[in-house]
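A short write-up of the structure that comes next.
Number of protein chains: 2
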Amino acid sequence: MNEKNIINQIKERENKGALIVISAPSGAGKTTLCHMLIKELPSAEFSISVTSRQPRAGEVDGRDYVFVNEEDFKKRVKEGRMLEWAQVHGNYYGTSKKFVETRLNKGLYVILDIDVQGGLQVKEKFPEAILIFVLPPSMEELKNRLKNRKQDSSGEIKKRLKNSYEEMNYLSKYDYLVINDNLTEALKDIKAIIRADKLKYKK
Amino acid sequence: MNEKNIINQIKERENKGALIVISAPSGAGKTTLCHMLIKELPSAEFSISVTSRQPRAGEVDGRDYVFVNEEDFKKRVKEGRMLEWAQVHGNYYGTSKKFVETRLNKGLYVILDIDVQGGLQVKEKFPEAILIFVLPPSMEELKNRLKNRKQDSSGEIKKRLKNSYEEMNYLSKYDYLVINDNLTEALKDIKAIIRADKLKYKK
Chain A
372 MNEKNIINQI KERENKGALI VISAPSGAGK TTLCHMLIKE LPSAEFSISV
422 TSRQPRAGEV DGRDYVFVNE EDFKKRVKEG RMLEWAQVHG NYYGTSKKFV
472 ETRLNKGLYV ILDIDVQGGL QVKEKFPEAI LIFVLPPSME ELKNRLKNRK
522 QDSSGEIKKR LKNSYEEMNY LSKYDYLVIN DNLTEALKDI KAIIRADKLK
572 YKK
Chain B
372 MNEKNIINQI KERENKGALI VISAPSGAGK TTLCHMLIKE LPSAEFSISV
422 TSRQPRAGEV DGRDYVFVNE EDFKKRVKEG RMLEWAQVHG NYYGTSKKFV
472 ETRLNKGLYV ILDIDVQGGL QVKEKFPEAI LIFVLPPSME ELKNRLKNRK
522 QDSSGEIKKR LKNSYEEMNY LSKYDYLVIN DNLTEALKDI KAIIRADKLK
572 YKK
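Protein chains in written order, with the numbering used here: chain A, 372 to 574; chain B, 372 to 574.
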């Protein structure tokens, strides 16, 4: 390692963004945190998913989703153009590799708000991605939050909790674990992770 | 991985400090940065080195150094009680393992302001240590800083620069690389590294 190599590494890291995957059980406050993060980091933006489902009223192609037909979606998967994808209720959803790469090369941070299965697909194809798992301070607290937001039936809450327990089995593939006991502190945690990641010495 | 394991890991990390090694070529601003860090992080403190050299006027045993005789020092090394040590101008200097461990178990951060050779010894015995290398924005800048502080003769400056180049060969063993272009930003970098390290998911 000589001076020139070091200077090159530094220059490179200054100009390069990062792909940040944030996953969490529903009720952990992930969506709020992601929006706060985007607001505070001018160079961060959400990834816009590609989907085969029909646009809903008010949804704009290229802003809310990139809408494609099923055949097109499957072709993209086959051609290796998706960083991760899943089928939910008969519709396909996924993240475009090109979308992410274009932004990273511009030095932007791309935030991927996806589930654990998606996160693991990303890590496999893109090992430099930073995988952050957000947890509530306890499962008791998670239950209370789900109840208090009065969005789901008790059956739905049970299902969500069961999913959360299952998701935790994949936790060991994640790089960081953030406890959302307090939104301000959890946001500071995520910002510290992103800042520190850039400073890592690449071996 | 189940809920209980995760909760245990979180509790453990809350209660545990970290050993932070900060190394840099002289003139990179390391000492200033370390003092700023100690000031801003109430739970951080410097490690107090053990030395076989004679106390100088005004130096207090246990505050500036732990002063021991040469025989005692060698005995400590032999018994594996030193985390790192070196002989400089005929005197021995080193870091006590017990000193560090006692503080880490109290949840404190211990800052080790040592050279690269010492840093590598620490990493070998204590892989969880966070090794940070601080660099000036360029070697040209380093030369200017050394000249401007008017502390060293031109021969001494040449020697220091040569040492700096040599130290860089060991850089690849370090975890993080911080560029001290601006003290405030470099301090923020180091604080982010310490904060993020705690959030790492221990596999």
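Ideal Cβ placement from N, Cα and C applies to all residues, glycine included. Values in this document were obtained by computation on a predicted structure and should not be read as measured data.
Comparing the C-beta of residue i with each C-beta of chain A, is any distance below 9 Å?
i	result
B:Tyr463	no
B:Met372	Because B:Met372 carries a pLDDT of 49, less than 50, the predicted location of this residue cannot be relied on, and the following value inherits that uncertainty. Yes, its Cβ sits closer than 9 Å to a Cβ of chain A.
B:Ile528	no
B:Phe504	yes
B:Tyr480	no
B:Ile378	yes
B:Met407	no
B:Asp568	yes
B:Val392	no
B:Ser414	no
B:Leu542	yes
B:Lys401	no
B:Ala428	no
B:Asp576	In the structure displayed, chain B extends from 372 to 574; residue 576 of chain B sits before or after that span and is not available.
B:Ile564	yes
B:Ile381	yes
B:Val448	no
B:Val549	yes
B:Ser509	yes
B:Leu554	no
Roughly how many angstroms separate the alpha carbons of residue i and residue j, rounded to a whole number?
i	j	result
A:Asp435	A:Pro498	27 Å
A:Glu450	A:Val437	17 Å
A:Leu390	A:Lys494	10 Å
B:Thr422	B:Met453	11 Å
B:Glu455	B:Val471	11 Å
B:Asn519	B:Ser525	11 Å
A:Asn534	B:Ser467	48 Å
B:Phe504	B:Arg427	30 Å
A:Ala557	B:Gln522	45 Å
B:Thr403	B:Asp484	11 Å
B:Met372	A:Asp443	Residue placement at B:Met372 cannot be trusted, given a pLDDT of 49 that sits under 50; what the coordinates show is reported in the next sentence. Their Cα atoms are separated by approximately 38 Å.
B:Glu430	B:Ala457	20 Å
B:Gly465	A:Arg384	35 Å
B:Trp511	B:Leu532	In the sequence under discussion, the amino acid at residue 511 of chain B is Glu, which differs from the Trp named in the question. If you take the alpha carbons of B:Glu511 and B:Leu532, they lie about 10 Å apart.
B:Lys382	A:Leu506	13 Å
A:Thr473	B:Asn515	39 Å
B:Lys446	B:Asn440	10 Å
B:Val392	A:Val392	29 Å
B:Lys496	A:Val448	47 Å
A:Lys530	A:Lys469	35 Å
A:Pro413	B:Pro413	31 Å
Just tell me which of the options has its CA closest to the CA of residue i.
i	options	result
A:Asp432	A:Asp546, A:Ile419, A:Glu537, A:Phe444	A:Ile419
A:Asn462	A:Arg424, A:Leu513, A:Leu558, A:Asp484	A:Arg424
A:Lys401	A:Ile550, A:Gly429, A:Ser524	A:Ile550
B:Gly489	B:Lys559, B:Leu548, B:Val459	B:Val459
B:Gln380	A:Lys521, A:Ala557, A:Tyr547, A:Lys496	A:Tyr547
A:Arg566	A:Glu411, A:Arg531, A:Ile378	A:Glu411
A:His406	A:Thr555, A:Gly465, A:Tyr541, A:Met510	A:Thr555
B:Ile482	B:Lys562, B:Ile377, B:Phe444	B:Lys562
A:Tyr541	A:Tyr464, A:Leu491, A:Lys530	A:Leu491
A:Phe417	A:Tyr480, A:Lys496, A:Lys530	A:Tyr480
Could you tell me how far apart the beta carbons of residue i and residue j are, in whole angstroms, since I believe they sit closer than 8 Å?
i	j	result
B:Asp486	B:Ser394	6 Å
A:Ile528	A:Leu517	5 Å
B:Pro396	B:Leu513	6 Å
B:Leu408	B:Ala415	6 Å
A:Gly478	A:Lys569	In fact, because the Cβ distance is near 11 Å, the residues do not count as touching under 8 Å.
A:Tyr572	B:Tyr536	Wrong, their Cβ atoms sit about 17 Å apart, outside the cutoff.
A:Asp552	A:Pro508	4 Å
A:Met539	B:Ile564	At roughly 27 Å, the Cβ-Cβ gap does not stay under 8 Å, so A:Met539 and B:Ile564 are not in contact.
Are the C-beta atoms of residue i and some chain B residue less than 9 Å apart?
i	result
A:Arg516	no
A:Asp546	yes
A:Lys571	yes
A:Met539	yes
| query | For the segment 457–506 of chain A, which segments carrying the alpha helix (DSSP H) assignment without a break, of at least 4 residues, lie completely within its bounds, in sequence order? | reply | The DSSP assignment places 468–476, 487–496 as complete runs of the alpha helix (DSSP H) inside the segment 457–506 of chain A, in order along the chain (cut-off: 4 residues).
| task | Let me know the beta strand (DSSP E) ranges lying completely inside the segment 507–556 of chain B, each 3 residues or longer, listed in chain order. | result | Restricting attention to beta strand (DSSP E) runs no shorter than 3 residues, the segment 507–556 of chain B encloses them at 547–550, ordered along the chain.
| field | In chain order, each alpha helix (DSSP H) run of at least 4 residues that lies wholly inside the segment 405–461 of chain A | value | Counting whole runs of 4 or more residues, the segment 405–461 of chain A contains the alpha helix (DSSP H) stretches 441–449.
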